[in-house]
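Trainee: Take a look at this one; I'll ask things after.
Numbering (full-length UniProt numbering), first residue to last: 1 to 192.
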């Protein structure tokens, strides 16, 4: 009876992480892997008698469950963890901001063709502390080059969150040429 099947969140996450680590990036592979004895054992189940792991539809529901509001809260939590990793607020920090091409196969939601990379892709934005190489923020976004208004919005949220923890810290932002849009430069000048 499918209504009685329950997969704990930890089991779903473990199966997804191990599948990706084994080269199965697509959740569709879980329909095959869920019964695989070796994979079940790696996920803490008995190979022959243990319950099967979650299916692809269960994984898809889990992956698509977070709303935009929840994704923004996760981004804030990542920034909070970064700030908490310092024993005291630094006098100054420099952040490197860059996007990284993440090529997709098929027509996944939000994947777009990017002429620069000649691929359908996502173009997530990464922000790192240059002094420590610690990740500050990561944001999955569509495969198009971000507009100045879009970048300004991300940076505004990032700087606002950093300022909640470190109101007196001087923040320097470094990025590639397409991050030097007029909207971004005006924001940086206004923030000091």
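From the three backbone atoms N, C-alpha and C, an ideal C-beta is built for every residue, glycine too.
Using three-state DSSP, classify residue 180 as helix, strand or coil.
Mentor: If DSSP states are grouped into helix, strand and coil, residue 180 belongs with coil.
Trainee: Pick helix, strand or coil for residue 105, following the three-state DSSP scheme.
Mentor: Residue 105: coil per DSSP, three-state reduction.
Trainee: Which runs of the beta strand (DSSP E), 3 residues or longer, sit entirely within the segment 99 to 180?
Mentor: DSSP runs (the beta strand (DSSP E)) wholly in the segment 99 to 180: 112 to 114, 119 to 122, 125 to 129, 135 to 139 and 170 to 175.
Trainee: Relative to the ligand NAD, is the shortest distance from any of its heavy atoms to the C-beta of residue 119 smaller than 7 Å?
Mentor: Looking at this structure, you won't find the ligand NAD or any other ligand, since it has none at all.
Trainee: Would you list the one or two residues that DSSP bridges to residue 94?
Mentor: Answer is 172, bridged to residue 94.
Trainee: Does the distance from the CB of residue 101 to the CB of residue 152 come in under 8 Å?
Mentor: Going by C-beta atoms, residue 101 is not nearer than 8 Å to residue 152.
Trainee: Near residue 159, what residues of its chain come up, given a Cβ to Cβ distance below 7 Å and the 5 sequence neighbours on each side ignored?
Mentor: Closer than 7 Å at Cβ, skipping near neighbours: 171 and 191.
Trainee: Helix, strand or coil for residue 66 per DSSP?
Mentor: Looking at residue 66 - three-state DSSP - the assignment turns out to be coil, as it is neither helix nor strand.
Trainee: Distance, Cα to Cα, residue 104 vs residue 42?
Mentor: Their Cα atoms are separated by approximately 27 Å.
Trainee: Is DSSP giving residue 4 helix, strand or coil here?
Mentor: In this structure, residue 4 counts as helix in the three-state DSSP scheme.
Trainee: Is the segment 89 to 101 close to the segment 44 to 52, with three or more CB pairs under 8 Å?
Mentor: Judged by Cβ distances under 8 Å, the segment 89 to 101 makes no contact with the segment 44 to 52, as fewer than three pairs qualify.
Trainee: What residue does the alpha helix (DSSP H) around residue 44 start on, and which one ends it?
Mentor: Taken as a continuous stretch (DSSP letters only), residue 44 belongs to no alpha helix (DSSP H), as it is neither H nor E.
Trainee: Excluding five sequence neighbours on each side, which residues of the same chain lie with their C-beta closer than 8 Å to the C-beta of residue 60?
Mentor: Excluding residues within five positions, the ones whose Cβ falls inside 8 Å are 27.
Trainee: Alpha helix (DSSP H) containing residue 18: first to last residue?
Mentor: Segment 9 to 21, the alpha helix (DSSP H) holding residue 18.
Trainee: Let's test the definition: count the other Cβ atoms within 10 Å of the Cβ of residue 39 and tell me whether it reaches 16, buried, or not, exposed.
Mentor: Buried, because 16 or more other Cβ atoms sit within 10 Å of the Cβ of residue 39.
Trainee: Could you spell out the range, first to last residue, of the alpha helix (DSSP H) harbouring residue 31?
Mentor: Residues 30 to 33.
Trainee: Give the single residue among 150, 75 and 68 whose Cα lies nearest to the Cα of residue 136.
Mentor: Minimum Cα distance to residue 136 is reached at 75.
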